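Student:
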Amino acid sequence: MKTFAYFLLSGLAVAQGSTSADCPKLPGGVVMGVPVPMVKEHIPTGCADLEILVARGTSEPDYKEGNGKFGVIIGDPLIGNLTKTLTGARGYPVQYPASNQTGGIVQGGLDVADRLKKMSTECPKMKFVLVGYSQGAAVMHAATNKRIPEELYSKIIALVMYGDPVFKMSAIPAFPAALQSKLLENCAVGDSVSLHKLVVCD
């Protein structure tokens, strides 16, 4: 069941041109905690075979050189590579501030749930992948914590998390049991918020 999740992970490695487990770095000049602008024009319309919902990390900017929309560290290289490989696939940038603002994670979780419900109604054959990096992984936990209806779980074909801050926090709900077989948790050497010395956490 995790085959597609591993495919996504390999797609990111190819996009970055490296299989290094070292933590990627933010570009210079990024002030952590500052909100990232949400651009409504970046929201795709119509139907697709597959939509990859990406929740970026804290204050993670877009990749300016490649018309980025999803976050320079994970989302932009991942979507850029996979949309060249998978016909009918597209990305969706989760609409949340990715900042230190109170309520941002819940806002993102609601956006993910609303997007799945909306697109499942408008495009019944569409499938989804949930991708979260750092704070964005917490957003995906929020989305799946009683916000996404269980009847939509079959439409989610993979969950891929990077540097998930919730991975070792027992006080925060884990992903639902029905989605665990589709989940791939990834942690890099030197990751200060997740497990250490492992690329695949589970």
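Residue numbers (mature numbering (1 follows the signal peptide of the UniProt record, and there is no 0)): -20 to -1, 1 to 182. Beta carbons: idealized from backbone N, C-alpha and C, even for Gly. Everything numeric in this text was worked out from a predicted model, so none of it was measured.
Mind checking whether residue 28 and residue 70 have CB atoms under 8 Å apart?
Tutor: In this structure, residue 70 lies closer than 8 Å to residue 28 by Cβ.
Student: Can you tell which of 135, 87, 76 has the C-alpha that lies nearest to the C-alpha of residue 99?
Tutor: It is 135 whose Cα lies nearest to the Cα of residue 99.
Student: Give the single residue among 157, 113, 166, 33 whose Cα lies nearest to the Cα of residue 91.
Tutor: Residue 33 is the option with its Cα nearest to residue 91.
Student: Within the chosen definition, does the segment 38 to 58 reach the segment 119 to 139 through at least 3 CB pairs nearer than 8 Å?
Tutor: In short, these stretches do not touch, since the Cβ pair count stays below three.
Student: Comparing C-alpha positions only, which one of 85, 128, 157 sits nearest to residue 145?
Tutor: Ranking the options by Cα distance to residue 145, first place goes to 85.
Student: Please classify residue 158 as buried or exposed, where buried requires at least 16 neighbouring CB atoms within 10 angstroms.
Tutor: Residue 158 should be labelled exposed.
Student: On the CB-based measure, 16 or more other CB atoms within 10 Å of its CB, does residue 39 come out buried or exposed?
Tutor: Residue 39 comes out buried.
Student: Quick check: residue 89 and residue 114, are their CB atoms within less than 8 Å of each other?
Tutor: No.
Student: Between 140, 124, 156, which has its C-alpha nearest residue 167's C-alpha?
Tutor: Among 140, 124, 156, the Cα nearest to that of residue 167 is on 140.
Student: Given a threshold of 16 other Cβ atoms within 10 Å of its Cβ, counted over all protein chains shown, does residue 13 qualify as buried or as exposed?
Tutor: Residue 13 comes out exposed.
Student: Determine the DSSP secondary structure at residue 78, reduced to helix, strand or coil.
Tutor: Reduced to three states, the DSSP call for residue 78 is coil.
Student: With a threshold of 6 Å on Cβ separation, who are the neighbours of residue 116 within its own chain once the five nearest residues in sequence on each side are excluded?
Tutor: Same-chain partners within the cutoff: 35, 36, 37.
Student: So is residue 17 buried or exposed if we call it buried at 16+ other beta carbons inside 10 Å?
Tutor: It is exposed - the Cβ of residue 17 has fewer than 16 other Cβ atoms within 10 Å.
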